[in-house]
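Following: one structure in structure tokens, then a few remarks.
In our numbering, the protein residues as written are 13 to 165.
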């Protein structure tokens, strides 16, 4: 499995979206989230956006790749075979799709429309595997879904 988790949390560590692609109990998920927040929030802005996981997260076999935008951290936990730059590009695609879907995405969009965010994320990643990275293709699928939803109301 390439991607182990996709996490979006704010500057205080409060999770906004958590998608786990490997089985683990809720307590372990919470501990993992706290550990990842501790690792990424203490890094200076000038540091690179990827680091090795701690023992709790998977050690040397796991990488944490993240981007910090305004008040949100977008984090992907991946195995060591994944390309850091490829995942950074994937984060950029996710942010751009969210920005198009919500028109200047902000933390409140993630709080009040988590189902929409999860739907967008599932168009990009499913079961820990990347499905699509082409921005126009993703936007076209989301537009078609919205049109179907409007017709069925």
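Glycine residues also receive a C-beta, built at the ideal position from the N, C-alpha and C atoms.
Every value quoted in this text rests on a predicted model; they were computed, and no experiment measured them.
DSSP, reduced to helix, strand and coil, places residue 74 within a strand of the structure shown.
Taking residue 16 as the centre and dropping the five residues before and after it, the same chain places the C-beta of 32, 33, 34, 70, 74, 89, 90, 91, 140 closer than 8 Å to its C-beta, in chain order. DSSP lists 141 as the bridge partner or partners of residue 138. In this structure the region 115-123 does not lie against the region 52-68, because fewer than three pairs of beta carbons, one per stretch, are closer than 8 Å. Between residue 105 and residue 78 a beta carbon distance of about 15 Å is seen, past the 8 Å cut, so the two are scored as non-contacting. Counted as a single uninterrupted DSSP element, the alpha helix (DSSP H) harbouring residue 155 occupies residues 147-163. Counting only residues of its own chain and dropping the five nearest sequence neighbours on each side, residue 100 has a CB closer than 7 Å to the CB of 61, 77, 79.
The three-state reading of DSSP puts residue 112 in helix, counting H, G and I together.
Just measuring C-alpha positions, the residue of 162, 24, 63, 47 sitting nearest residue 84 is 24. Pairing residue 36 with residue 19 gives a Cβ-Cβ distance that is not under 7 Å. Nearest Cα to residue 135 within the set 147, 164, 82: 147. With 16 or more other Cβ atoms from the protein chains shown falling within 10 Å of its own Cβ, residue 44 counts as buried. Residue environment: residue 98 is assigned as exposed (fewer than 16 neighbouring CB atoms within 10 Å of its CB, all protein chains considered).
Taking the Cα positions, residue 114 is about 15 Å away from residue 152. Per DSSP, the beta-bridge partners of residue 85 are 21, 80.
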